[in-house]
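Everything on this sheet refers to the single structure shown next.
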Amino acid sequence: DAGVTQSPTHLIKTRGQHVTLRCSPISGHKSVSWYQQVLGQGPQFIFQYYEKEERGRGNFPDRFSARQFPNYSSELNVNALLLGDSALYLCASSLDGRQNQPQHFGDGTRLSIL
Amino acid sequence: DAKTTQPPSMDCAEGRAANLPCNHSTISGNEYVYWYRQIHSQGPQYIIHGLKNNETNEMASLIITEDRKSSTLILPHATLRDTAVYYCIVRAPSGGTSYGKLTFGQGTILTVHP
Numbered sequence: 023d024a025g026v027t028q029s030p031t032h033l034i035k036t037r038g039q040h041v042t043l044r045c046s047p048i049s050g051h052k053s054v055s056w057y058q059q060v061l062g063q064g065p066q067f068i069f070q071y072y073e074k075e076e077r078g079r080g081n082f083p084d085r086f087s088a089r090q091f092p093n094y095s096s097e098l099n100v101n102a103l104l105l106g107d108s109a110l111y112l113c114a115s116s117l118d119g120r121q122n123q124p125q126h127f128g129d130g131t132r133l134s135i136l
Numbered sequence: 814d815a816k817t818t819q820p821p822s823m824d825c826a827e828g829r830a831a832n833l834p835c836n837h838s839t840i841s842g843n844e845y846v847y848w849y850r851q852i853h854s855q856g857p858q859y860i861i862h863g864l865k866n867n868e869t870n871e872m873a874s875l876i877i878t879e880d881r882k883s884s885t886l887i888l889p890h891a892t893l894r895d896t897a898v899y900y901c902i903v904r905a906p907s908g909g910t911s912y913g914k915l916t917f918g919q920g921t922i923l924t925v926h927p
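Here the protein sequences come in this chain order: A and B.
Here the first sequence is numbered in this note's numbering, starting from 23 and rising by one per residue.
Here the second sequence is numbered in this note's numbering, starting from 814 and rising by one per residue.
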């Protein structure tokens, strides 16, 4: 069975641009979460979506937004890119997002801002 | 979410058991203990989770003390491929803006030697 897939794997942007990252969850999983991992640190929670609704939000500016589609795939959008947005962006899926359901991660999109 | 404390690094000989400790002295009764690991350039990999009882799966065993203030992840026969950063996470019940949130710390860098 396919795991969580993310696209693209690598991306280079310049300051001020916007970016859209995509995630396809494991088949049957209805919840998707997004994390940002800066080099040398653990992943930081950005959003969680379940049944197309935002259910959780981390401490990130409004430049970050996301949505979930009827097929449970998801997009993360970042506007007005800053150098500090350079990071590995990780998507994780779970059955329903509840506490006792493990989240399974993709290998991420590495975003570099020049 | 309850904070966790892990040693920054540990070594283990190939073929021996690796025992990774985690302190979570402020854990609440309804919070789960999760373990993930991350191999360089990959997304975090789910290992195991538990609430009160000890748990075992094909990858590892999780031993939670009776007072739940600490836990140990056991890899019974470590291999070179187990070299990774191991994260111990205490996960709060789903609710509010923390729905689905995993809070990663710095983790333990486990190095398995031949």
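Here a beta-carbon is modelled for each residue, glycine too, at the ideal position from N, C-alpha and C.
With contacts defined as CB atoms closer than 8 Å, T27/A and S46/A qualify as a contacting pair.
At least one CB atom of chain B sits nearer than 8 Å to the CB of Q125/A.
Closer than 8 Å at the C-beta level to chain B, one finds these residues of the segment 63-89 of chain A: Q63, G64, P65, Q66, F67, Q70, Y72, R77, G78, R79, G80. Following the DSSP letters along the chain, one finds E75/A inside the beta strand (DSSP E) bounded by residues 75-79.
Close to chain B, meaning a Cβ-Cβ distance shorter than 7 Å, are the following residues of the segment 97-130 of chain A: L112, G119, R120, Q121, N122, P124, Q125, H126, F127, G128, D129, G130. L915/B is positioned such that its CB atom lies no closer than 8 Å to that of F69/A. Taking the Cβ atoms as the reference, Q59/A lies roughly 6 Å from A109/A, within the contact range of under 8 Å. Within the segment 38-123 of chain A, the runs of beta strand (DSSP E) at least 3 residues long that lie entirely inside it are, in chain order, 41-46, 53-59, 66-72, 75-79, 86-90, 96-100, 109-116.
Less than 8 Å divides the Cβ of T885/B from the Cβ of L833/B.
Of the other Cβ atoms in all chains shown, fewer than 16 fall within 10 Å of the Cβ of Q39/A; this residue is therefore exposed. Boundaries of the beta strand (DSSP E) around Q28/A: 27-29.
The straight-line gap separating the alpha-carbon atoms of Y849/B and Y859/B is approximately 5 Å.
Under the 8 Å criterion on CB atoms, L915/B is classed as interfacial with respect to chain A. S55/A reaches chain B at G913, counting residues in chain order whose Cβ is nearer than 7 Å.
Closest by C-alpha distance to G50/A, out of R132/A, G119/A, G130/A, S134/A, is G119/A.
At a cut-off of 8 Å between beta-carbon atoms, Y899/B makes no contact with chain A. Runs of the beta strand (DSSP E) lying entirely within the segment 863-897 of chain B and spanning at least 3 residues, in chain order: 874-877, 883-888. Taking every protein chain shown into account, the CB of L893/B has fewer than 16 other CB atoms within 10 angstroms, so this residue is exposed. Per DSSP, K914/B lies in no beta strand (DSSP E) and is assigned neither H nor E. In the structure shown, the three-state DSSP call for S134/A is strand.
The C-alpha of A88/A lies about 44 Å from the C-alpha of R829/B.
Non-local C-beta neighbours of N101/A in its own chain, meaning closer than 7 Å and more than five positions away in sequence, comprise H40, R85, ordered along the chain. For the set P124/A, L117/A, G106/A, the Cα lying nearest the Cα of Y94/A is the one of L117/A.
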